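Okay, so here's the structure we're looking at.
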Amino acid sequence: MTTDSRNNHRLIHGKVVADRILGEVKEYVDAAGGGDKVGRLVSISIGENPAVAVYVRNQARNAAKVGLRFDQQLWGEEVSQEECKQLILEMNDDPNVLGVILQRPLPKHINVRSLQSAIHPLKDVEGMNPSSIGNIVYSDIALAPCTAAASVELLKETGLDLKGLEVVMIGHSEIVGKPAAFLLMAEGATVTVCHHMTRALAIHSRRADALVVAVGKPHFIGPDMIKPGAAVIDIGINQVTHVDGSTKIVGDVDTDAVLDVAGWVTPVPGGVGPVTVAILMRNAIVAHQRQKNAGWLD
Ligand SMILES: NC(=O)C1=CN([C@@H]2O[C@H](COP(=O)(O)OP(=O)(O)OC[C@H]3O[C@@H](n4cnc5c(N)ncnc54)[C@H](OP(=O)(O)O)[C@@H]3O)[C@@H](O)[C@H]2O)C=CC1
Ligand SMILES: Nc1nc(=O)c2c([nH]1)NC[C@@H]1CN(c3ccc(C(=O)N[C@@H](CCC(=O)O)C(=O)O)cc3)C=[N+]21
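Sequential numbering from 101 applies to the sequence shown in our numbering.
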């Protein structure tokens with residue numbers, strides 16, 4: 101089924117939002133004296149993972165676009181918890197390190213919560229240190245987990261007034277679903293959070309003015325699951341293999357089918373992904389500002 105061209109205008113393209121954010125970041129970096137002055141963004145991956153590789157490749161591309169130095173570190177699967185913690189603590193004290201992001205997933209023997217806490221809050225560019233997450237409960241949302249923040253930016257792109265908006269979040273992960281719910285509450289939305297224990301999911305999804313989906317199941321949401329005219333933010337990234345063996349990335353939403361009913365839909369790829377990467381760059385300069393205000397930088 102092809103998408104009726106009449107409805108393609110209902111797609112919210114992430115690139116437009118991402119480019120606007122990247123423009124602001126580039127301006128800040130230039131005004132601060134350029135990448136050498138601002139310090140490098142460190143991305144830590146432990147072991148190989150295709151989804152992480154895509155994300156890190158785009159981080160590198162965007163860092164180059166805004167003039168930030170990017171240090172892509174790939175540690176072996178066998179690295180110990182203690183070694184990781186030691187390396188991160190050294191980065192906290194290294195004035196040339198602007199911020200650190202720890203890519204997920206991590207090997208089973210690594211305690212992600214412990215490593216997240218080891219990244220100093222002022223260098224925690226993904227906002228996943230418990231104290232950073234705590235800030236968004238206090239509605240200090242300037243530096244928040246990237247995908248959650250990207251979802252809110254894309255929802256704002258619709259022009260809908262978030263105050264009192266009925267938003268249903270499907271998925272309650274610590275890195276997407278839960279932070280997104282708090283960010284939406286900070287904007288004044290009325291938020292319902294669903295997960296696999298939620299009974300009669302469709303009752304919730306069909307009453308939503310805006311539906312944010314972070315489940316990880318291809319085409320999980322069809323037109324029967326949404327209210328006509330609703331905004332649909334698709335966070336899912338799923339690789340599907342066709343009968344001919346070719347693979348494709350699709351979201352949690354059946355975009356073509358939903359386009360006939362929804363008011364707005366974010367496509368996958370081309371929606372939340374690019375904005376997630378741009379938000380990481382923006383978080384990096386927020387961290388720089390906070391380090392300056394804390395007297396860490398001369
Ligand atoms: N674009 C981007 O930047 C990013 C995209 N993603 C993508 O977002 C998706 C979600 O990832 P992540 O947030 O890590 O989520 P997780 O994979 O950690 O968890 C999936 C969530 O969906 C819920 N869920 C699973 N099945 C159902 C169901 N049948 N009904 C209702 N809820 C259900 C789970 O509930 P429960 O926990 O109760 O089982 C859980 O909260 C993935 O596709 C991931 O690739 C992730 C990070 C960044
Ligand atoms: N600590 C941590 N935080 C994350 O946010 C995180 C993570 N670990 N591990 C991996 C997943 C995956 N993820 C993506 C983000 C953007 C794109 C992205 O840029 N996607 C483009 C297409 C990519 C391309 O094909 O170039 C798009 O959707 O248009 C992809 C994947 C973040 N993740």
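All residues carry an ideal CB built from backbone N, CA and C; glycine is no exception.
Given the structure is predicted, the values throughout are model-derived calculations rather than measurements.
Using CA atoms only, rank isn't needed, just tell me which of the options is closest to residue i.
i, options, result
"GLN159", "VAL225, SER251 and LEU359", "VAL225"
"GLY363", "LEU380, ILE333, ASN196 and ALA302", "ILE333"
"ILE146", "HIS209, THR258 and ASP398", "HIS209"
"ALA151", "VAL200, LEU397, GLY316 and ASN383", "GLY316"
"HIS109", "ALA387, ASP356, ALA384 and HIS388", "ASP356"
"GLY133", "GLY167, ASP193 and VAL154", "GLY167"
"LEU122", "VAL154, ALA164 and GLY139", "ALA164"
"GLY277", "ILE321, VAL313 and VAL237", "VAL313"
"HIS272", "GLU287, ARG307, THR292 and ASP261", "THR292"
"GLY399", "VAL129, ASP136 and PRO195", "Absent from the model: residue 399. The displayed extent of the chain is 101 to 398, so no value can be given."
"ASN149", "TRP175, VAL138 and LYS137", "TRP175"
"ILE144", "PRO221, GLU124 and LEU187", "LEU187"
"ARG307", "ASP344, ALA131, MET269 and GLN339", "MET269"
"TYR128", "MET381, ILE241, ASN393 and LEU397", "MET381"
"ASP398", "ASN107, ASP130, GLY139 and VAL116", "GLY139"
Starting from residue i and walking both ways along the alpha helix (DSSP H), at which residues does that stretch end?
i, result
"ILE210", "Element bounds for ILE210: n/a, residue is neither H nor E."
"ASP356", "355 to 358"
"ILE233", "230 to 237"
"ASN192", "181 to 193"
"THR376", "372 to 393"
"LYS263", "Counting along the chain, LYS263 falls outside any alpha helix (DSSP H), and DSSP gives it neither H nor E."
"ARG140", "Where ARG140 is concerned, there is no enclosing alpha helix (DSSP H), although the beta strand (DSSP E) it sits in stretches over 140 to 146."
"ALA163", "150 to 166"
Tell me whether residue i is buried or exposed, calling it buried when 16 or more other Cβ atoms sit within 10 Å of its Cβ.
i, result
"LYS223", "buried"
"ASP309", "buried"
"PRO245", "buried"
"ASP261", "exposed"
"LEU189", "exposed"
"HIS304", "buried"
"ALA230", "Checking the displayed sequence, the identity of residue 230 turns out to be Pro instead of Ala. It counts as exposed."
"GLN339", "exposed"
"MET191", "buried"
"VAL197", "buried"
What does a CB cutoff of less than 8 angstroms around residue i pick up in its chain, not counting 5 residues either side in sequence?
i, result
"VAL372", "GLY114, THR247, ALA250, SER251, LEU254, ILE333, ASP334, ILE335 and THR366"
"LEU243", "ASP224, VAL225, GLY227, SER232, ASN235, ASN383, VAL386, ALA387 and ARG390"
"HIS401", "Residue 401 lies beyond the stretch modelled for the chain, which goes from 101 to 398, so this question has no answer here."
"LEU206", "ILE146, GLY147, VAL212 and LEU215"
"CYS294", "VAL268, MET269, ILE270, GLY271, HIS272, LEU301, HIS304 and SER305"
For the beta strand (DSSP E) that residue i lies in, which residues bound it at each end?
i, result
"MET269", "266 to 270"
"ALA310", "310 to 313"
"LEU174", "169 to 175"
"GLY199", "197 to 202"
If you drop the 5 nearest sequence neighbours on each side, which residues of the same chain put their C-beta closer than 6 angstroms to that of residue i?
i, result
"THR258", "ALA331 and TRP364"
"ALA118", "PRO374, VAL375 and ALA378"
"PHE170", "LEU141, ALA160 and ALA163"
"GLY351", "ASP334, GLY336 and VAL368"
"ALA289", "LEU262, LEU265 and VAL267"
"ASP354", "HIS319 and GLY322"
"LEU284", "VAL267 and VAL291"
"GLU177", "GLY147 and PRO207"
"GLU287", "LEU262"
Using a Cβ-Cβ cut-off of 7 angstroms (strictly less than) and excluding sequence neighbours within five positions of residue i, which residues of its own chain qualify?
i, result
"VAL361", "PRO323, ILE326 and PRO328"
"LEU111", "VAL365 and PRO367"
"VAL179", "ILE146"
"SER217", "ASN229 and PRO230"
For ligand 1, which residues count as neighbours when the test is a C-beta closer than 5 angstroms to any heavy atom? Every residue passing the under-5 angstroms Cβ criterion appears here: THR247, GLY271, HIS272, SER273, VAL276, HIS295, HIS296, ALA314, VAL315, GLY316, ILE335, GLY336, ILE337, VAL372, GLY373 and THR376.
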